[in-house]
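The structure appears below as structure tokens.
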Amino acid sequence: MIIGNWKMHKTSLEASQFISALAPKITACNASVFIAPSYTSLYSACKTAEGTNITIGSQNLNEHLEGAYTGEISTMMLKAEGVEFVLIGHSERRQRYMETDALINKKMIRALQDDLLPVLCIGETEQERKKGLTQDVLKQQIKVGLKNIPFEDGAEIIVAYEPVWAIGTGKVATAQIAQDAHSFCRKCLKDTFNAPLAKKIPILYGGSVKPDNFASLIAKEDIDGALIGGASLNVETFSKIINLC
Ligand code: PGA
-16 MIIGNWKMHK TSLEASQFIS ALAPKITACN ASVFIAPSYT SLYSACKTAE
34 GTNITIGSQN LNEHLEGAYT GEISTMMLKA EGVEFVLIGH SERRQRYMET
84 DALINKKMIR ALQDDLLPVL CIGETEQERK KGLTQDVLKQ QIKVGLKNIP
134 FEDGAEIIVA YEPVWAIGTG KVATAQIAQD AHSFCRKCLK DTFNAPLAKK
184 IPILYGGSVK PDNFASLIAK EDIDGALIGG ASLNVETFSK IINLC
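Heads up: the sequence shown at position 47 corresponds to 30 in my numbering, and the numbers run straight through without jumps.
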């Protein structure tokens, strides 16, 4: 499973041109391909992706059904555009927009209630890793992020492990560091749900994934795909990564 997170890049025209160019290059791949453009590109991206093997999602949502929340976007609005998944708790949202684990949990519940596939993004900062707190942070983010999520909904989520120190820095985690974190996340998912379900939930790695480091990451047992920022903005690099699957 490969997800491209376009962040605040690409107009709606650029989004549809990108998808038209990407689709024919990835017809032979085995991966599920997801792209999360900005809100304003969702409609054109969904339309262009129709009939391809690309699924469109959003980078965020509001935890409320509807109401007086100026500037916010609801699950129903997203679904009406054709959106099928949503990134929740990306580290940029946690750090720059003060999203807490409790808020992220509300967004997870909202997405599941309204039939959008949520991708729970988690990961430690450099400081937390240096202090030996990586496992504590991941455990907390999973425990609170998935609080009160019914067992039957557990099969309908994706987890993305994205060490904050690796995002947009070019400092990719070594395959072994990523594998260790993923296997720990899998253990936390087992404690939250159960072992068979924990095995089924895809855990993606994110943080400076590029065509030349992806093969060693995806070879690891607990790494089921990637969440890709910078390298998903270019058709050549993104299709190269997808076709390595
Ligand atoms: P990056 O971003 O691939 O540019 O490091 C990953 C992400 O933020 O999801």
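Glycine included, every Cβ here is placed at the ideal spot set by N, Cα and C. Just so we're clear, the structure is a prediction, and the values are computed from it rather than from any experiment.
Within 10 angstroms of the Cβ of residue i, are there 16 or more other Cβ atoms? Answer buried if so, exposed if not.
i: LEU99; result: buried
i: LYS90; result: buried
i: SER215; result: buried
i: ILE(-12); result: The residue you asked about is not Ile; residue -12 is Asn in the sequence shown. ASN(-12) comes out buried.
i: PHE176; result: buried
i: SER27; result: buried
i: LYS183; result: exposed
i: GLY213; result: buried
i: GLN119; result: The displayed chain sequence assigns Asp, not Gln, to residue 119. By the neighbour-count rule (16 or more Cβ atoms within 10 Å), ASP119 is not buried but exposed.
i: THR58; result: buried
i: SER3; result: exposed
i: ALA63; result: exposed
i: PRO7; result: exposed
i: GLN124; result: buried
i: LEU48; result: exposed
i: ALA202; result: exposed
i: THR31; result: buried
i: THR157; result: exposed
i: ARG77; result: buried
i: GLU219; result: exposed
Quick check on this structure: which residue in the options has the alpha carbon closest to the alpha carbon of residue i?
i: CYS104; options: ALA158, GLY189, ASP195, ALA161; result: GLY189
i: CYS155; options: PHE197, PRO20, GLY208; result: The question names Cys, yet the displayed sequence has Val at residue 155. When only C-alpha atoms are compared, the closest one is PHE197.
i: ARG93; options: LEU180, HIS(-8), LEU129, LEU172; result: LEU129
i: PHE17; options: LEU172, GLY65, LYS170; result: GLY65
i: LEU121; options: LYS(-10), THR38, SER166, ALA202; result: SER166
i: ALA161; options: ILE186, GLY151, GLY153; result: ILE186
i: PHE134; options: GLU111, ALA178, HIS(-8); result: ALA178
i: LYS113; options: ALA202, SER15, ILE2, PRO146; result: PRO146
i: ASP136; options: VAL102, GLN123, ASP207; result: VAL102
i: THR233; options: ASN36, GLU82, ILE(-15), THR(-6); result: No statement about residue 233 is possible, as the shown extent of the chain runs from -16 to 228 and does not include it.
i: CYS171; options: ALA14, VAL142, TRP148; result: VAL142
i: ILE(-15); options: GLN0, THR(-6), GLU(-3), CYS12; result: CYS12
i: GLN96; options: GLU139, ALA149, LEU116, GLY115; result: GLU139
Spatial neighbours of residue i within its chain, please: C-beta separation below 8 angstroms, excluding the five flanking residues on both sides.
i: LEU61; result: LEU25, SER41, LEU44, VAL69, LEU99
i: LEU(-4); result: SER27
What does a CB cutoff of less than 6 angstroms around residue i pick up in its chain, not counting 5 residues either side in sequence?
i: ILE224; result: PRO194, PHE197
i: ALA164; result: TYR144
i: LYS173; result: ALA181
i: VAL127; result: ASP84, ASN88
i: SER199; result: ALA158
Using a C-beta cutoff of 7 angstroms, does residue i count as contacting chain C?
i: LYS130; result: Of the protein chains in the structure, only one exists, and it is not chain C.
Sorted by chain position, which residues of the same chain lie with C-beta nearer than 7 angstroms to residue i's C-beta, five sequence neighbours on each side aside?
i: MET(-9); result: SER21
i: TYR52; result: ASN45
i: ASP205; result: GLN162, HIS165, SER166, ARG169, ILE186
Residues near the ligand PGA, CB to any non-hydrogen atom under 6 angstroms, in chain order?
-> Those residues, listed in chain order, are ASN(-12), GLU145, ILE150, GLY151, GLY189, GLY190, SER191, VAL192, LEU210, ILE211, GLY212, GLY213, ALA214.
Give, in chain order, every unbroken run of the beta strand (DSSP E) that is at least 3 residues long and sits entirely within the stretch 144 to 173.
-> The stretch 144 to 173 contains no whole beta strand (DSSP E) run of 3 or more residues.
Quick one: complete beta strand (DSSP E) runs, 3+ long, within the stretch -7 to 66?
-> Secondary structure within the stretch -7 to 66: the beta strand (DSSP E) runs of 3 or more consecutive residues, fully enclosed, are 16 to 19, 37 to 41 (chain order).
Complete alpha helix (DSSP H) runs within the stretch 78 to 104 (minimum length 4 residues, chain order) = Listed in chain order, the complete alpha helix (DSSP H) runs (minimum 4 residues) inside the stretch 78 to 104 are 84 to 96.
Whole beta strand (DSSP E) elements within the stretch 172 to 217, 3-residue minimum = As far as the stretch 172 to 217 is concerned, its whole beta strand (DSSP E) runs of at least 3 residues are 186 to 189, 209 to 211.
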